[in-house]
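What follows is one structure encoded as structure tokens, with my remarks underneath.
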Amino acid sequence: MNREAQVAGRALAGIPGLGPFRWLLYSRNVPEPVQITFLGTAGSWPTKERNASAIAVDLEREVVLLDCGEGTQRQLF
């Protein structure tokens, strides 16, 4: 398992209601590479220049959104 997959697995381990992503914690077949995209870095409220904080972790089979702030959904569609 590559380093990025290990980091993503540890980050996901602390999330309540992990549900369908639990496979990531125990699988040796984690997709490579894991892609991490910062959708926003402004904090809890968007600004004119930056959207509220949000991170997308692309695991090939699934995309997990972490720390999704206000307005993140609009960026996805």
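Residue numbering for the sequence shown follows full-length UniProt numbering, beginning at 1 and increasing consecutively.
Ideal placement from N, C-alpha and C gives every residue a C-beta, glycine not left out.
Given the structure is predicted, the values throughout are model-derived calculations rather than measurements.
Short Cβ contact (9 Å threshold) for residue i with residue j
i     : j     : result
Asp67 : Ile36 : no
Extent of the continuous beta strand (DSSP E) run through residue i
i     : result
Leu39 : Gln35 to Gly40
Ala52 : Ala52 -> no beta strand (DSSP E), and no H or E assigned at all.
Leu66 : Val63 to Leu66
Own chain partners of residue i with C-beta closer than 8 Å, once the 5 adjacent residues on each side are dropped
i     : result
Gly43 : Ala52, Ser53 and Gly69
Lys48 : none
Pro46 : Gly40, Ala52, Gly69, Glu70 and Gly71
Own chain residues within Cβ distance below 7 Å of residue i, not counting five before or after
i     : result
Ala56 : Thr37, Leu39, Val63 and Leu65
Separation of residue j from residue i, as counted between CA atoms
i     : j     : result
Thr41 : Gln73 : 15 Å
Arg61 : Arg50 : 28 Å
Gly71 : Val7  : 26 Å
Beta bridge counterpart(s) of residue i as assigned by DSSP
i     : result
Val57 : Ile36 and Val64
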